[in-house]
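Numbering (the numbering used here), first residue to last: 86 to 351.
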């Protein structure tokens with residue numbers, strides 16, 4: 086992969102390195118992302134995520150259109166059946182109190198009530214059911230929990246595995262040191278969240294090639310971008326070693342869009 090280590094870049098230079106790195110990883114692992122598109126098409130050939138081009142994408146026929154033939158989609162039927170089995174189940178948080186005294190057990194029970202209230206407040210059960218369905222379709226389902234500092238509250242949202250980028254070469258030896266998430270967001274929304282970068286966001290993804298055609302019509306050759314939709318990349322690099330030790334290296338968390346660093350912190 087690229088020798089440009091984005092986590093060592095100076096502030097203001099991270100975006101260029103991150104986008105170059107992600108593009109390189111996606112080219113090298115294009116078969117993985119292509120498989121995600123095909124798996125989505127097997128469940129619903131008309132879904133936007135699968136290209137929406139018709140039944141031929143599922144390999145059923147060279148024809149397209151719902152009237153070309155009648156068939157039963159066994160993949161969709163099996164996935165829906167499995168999801169229906171767990172749809173009635175809720176996520177129940179538990180605080181283990183092995184060998185704990187009565188006071189500890191009482192505190193754990195109160196924490197369980199509090200956690201269950203948060204699950205209701207943020208719709209965690211519905212998001213987990215969506216993630217379970219993603220796992221049934223593509224092997225991995227994800228729910229992201231983070232703090233929205235602008236709104237001053239936690240947020241919970243479903244994340245498609247298609248938008249997660251991890252270098253497979255790093256996984257061979259165990260836990261990868263870095264993970265990236267591609268986020269597709271409207272330009273005006275991003276400007277509202279980061280008004281101090283308004284002009285830089287306005288210029289993002291506006292370059293054109295020599296023929297005058299926009300060069301940002303697609304991301305990774307398969308994901309069409311909507312009008313005025315931008316790509317942002319949230320990146321995490323884990324620290325190395327124990328904090329305070331001689332050879333400790335701090336980790337890094339960044340959020341970048343084309344040509345602009347929006348967030349940058351250890």
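C-beta atoms are modelled at their ideal positions from N, C-alpha and C, and glycine is treated no differently.
Item: Residue ranges of each alpha helix (DSSP H) within the segment 176-235, 4 or longer; Value: 187-206 and 209-223
Item: Strand pairing of residue 171, partner residues [DSSP]; Value: None; residue 171 has no bridge partner.
Item: Residue 164 versus residue 112: straight-line alpha-carbon distance, rounded; Value: 30 Å
Item: Beta-carbon gap between residue 206 and residue 216 smaller than 9 Å; Value: no
Item: Secondary structure of residue 298, DSSP reduced to three states; Value: Its pLDDT being 46, under 50, residue 298 is placed unreliably in this model, and the coordinates cannot settle the point.
Item: At least 3 beta-carbon pairs within less than 8 Å: the segment 335-349 vs the segment 316-323; Value: yes
Item: For residue 308, the residue or residues it bridges with in DSSP; Value: 304
Item: Burial state of residue 93, where buried means 16 or more other Cβ atoms lie within 10 Å; Value: exposed
Item: Stretch pair the segment 90-105 + the segment 195-202: three plus CB contacts closer than 8 Å; Value: no
Item: Exposure label - residue 130; buried when at least 16 CB within 10 Å; Value: buried
Item: Contact belief for residue 351 with residue 340 at Cβ below 8 Å, rounded distance in angstroms; Value: Contact flag wrong, Cβ pair sits at about 14 Å.
Item: Straight-line Cα distance separating residue 221 from residue 166; Value: 11 Å
Item: contact_flag[the segment 239-253, the segment 177-197] where n(CB pairs < 8 Å) is 3 or more; Value: no
Item: Where residue 92 falls: helix, strand or coil (DSSP); Value: helix
Item: Enclosing alpha helix (DSSP H) for residue 275 [first to last residue]; Value: 272-278
Item: Per-residue DSSP class, three states only, for residue 248; Value: helix
Item: Through-space distance from residue 184 to residue 268, alpha-carbon basis; Value: 44 Å
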